[in-house]
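Chemist:
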Amino acid sequence: PKMLSLLGERDADAFVPGINDLLDGGYTLKDGTTALSAEEKIARGQQAITAFAQYRQAKAAGNDKEAQIARQSLEENMPFFGYGYIKDANELVPNVPLTFYMFRVMVILGGYFILFFLVVLFLAYKRDLSQMRWMHLVALWTIPLAYLAGQAGWAVAECGRQPWAIQDMLPVSAAISKLDTGSVQLTFFLFLILFTILLIAEIGIMLKAIRKGVER
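Quick note: to get our numbering, add 20 to the position in the sequence shown (first position is 1).
1) Tell me which same chain residues have a C-beta within less than 6 Å of the C-beta of Asp44, skipping the five on either side of it?
2) From Gly104, Leu135, Ala172, Leu138, pick the residue whose C-alpha is nearest to that of Pro183; which is it?
3) Kindly give me the distance between the Cβ atoms of Ala169 and Gly131, rounded to whole angstroms, as I take these residues to be in contact under 8 Å.
4) Between the stretch 170-179 and the stretch 187-199, can you find at least three pairs of beta-carbon atoms closer than 8 Å?
5) Could you work out which residue in Gln92, Ala78, Ser93 is closest to Glu86 when comparing CA atoms only?
6) Across which residues does DSSP place Thr54 in a beta bridge pair?
7) Take every Cβ of the stretch 133-152, pair it with every Cβ of the stretch 85-100, and state whether three or more of those distances are shorter than 8 Å.
8) The alpha helix (DSSP H) spanning Ala185 covers which residue range?
9) Going by other Cβ atoms of all chains shown within 10 Å of its Cβ, with 16 needed for buried, is Ala68 buried or exposed?
10) Flag this pair as yes or no: are the beta carbons of Ala55 and Gly46 separated by less than 8 Å?
11) Specify, as a first and last residue, the run of the alpha helix (DSSP H) that Ser193 falls within.
12) Quick one: residues in its chain with C-beta nearer than 7 Å to the C-beta of Gln151, no 5 flanking neighbours on either side, listed in chain order?
13) Could you have a look at Asp84 and say whether DSSP puts it in helix, strand or coil?
14) Just to confirm, is the Cβ distance from Phe100 to Lys50 under 8 Å?
15) Considering only C-alpha positions, which residue in the set Ala32, Ala166, Ser25, Leu157 is nearest to Val125?
16) Am I right that Cys179 and Leu227 are in contact with their C-beta atoms under 8 Å? What's the rounded C-beta distance?
17) Round the Cβ separation of Leu281 and Leu149 to the nearest angstrom and send it over; I've been treating them as touching at under 8 Å.
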């Protein structure tokens, strides 16, 4: 209880809006104003995009008066600029189940690593680890868990921030490069082949070192 408020706002009694709050609005912000609904933000964002286009046209035509009017409208709606690219308010909700479970995988593995290293330090101080085969196996199987924790953290960061590349300013849908499918697939498979070769080489080196054992 209250931990999310403490982590997010540094205040145990602070209000942290949930998904429905963010979509429906109506709650009080830090500055005392009332939060807009997602639909209102989308409308304001569309106004900002339109004003930006009008500003560029007016500047190109040398019409300073129209440019000033458009700029004022743009500045008023600029905090919601990115929402203008959103087609449906539901796009503002990231993949909750994936983020939820990946976060827990990350935290559980992080806790396991702390416990694991404490146990290793204790045993290294009290006993001879070179004679503890079971600990060697545990340590060996812990290696891929570090990669799993890293990927889980990456999934939390990347999926949890959707749909934004830049919060409130640029959604991912508007930030993507216009590359054809073939180029993306070629790059993907080149990296897949390269890293597969490196993985095979790394595993081979590790197995060779394990078979060789500790030099006396």
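All C-beta atoms, glycine included, are put in the ideal place defined by N, C-alpha and C. Predicted, not measured: the structure shown is a model, and the values here were computed from it.
Modeler: According to the data block:
1) Ser57
2) Gly104
3) Not quite, the Cβ-Cβ distance comes to about 10 Å (not below 8 Å), so this is no contact.
4) no
5) For Glu86, the closest alpha carbon among the candidates Gln92, Ala78, Ser93 is that of Ala78.
6) Partner(s): Thr48.
7) no
8) Premise fails: Ala185 lies in the beta strand (DSSP E), 184-186, not in any alpha helix (DSSP H).
9) Under this definition Ala68 is a buried residue.
10) Yes, the Cβ-Cβ distance between Ala55 and Gly46 is below 8 Å.
11) 192-195
12) Excluding five sequence positions before and after Gln151, none of the CB atoms of its chain fall closer than 7 Å to its own CB.
13) helix
14) no
15) Of the candidates Ala32, Ala166, Ser25, Leu157, Ala166 places its Cα closest to the Cα of Val125.
16) Wrong, their Cβ atoms sit about 34 Å apart, outside the cutoff.
17) Outside the displayed span of the chain (21 to 236) sits residue 281, for which this structure offers no information.
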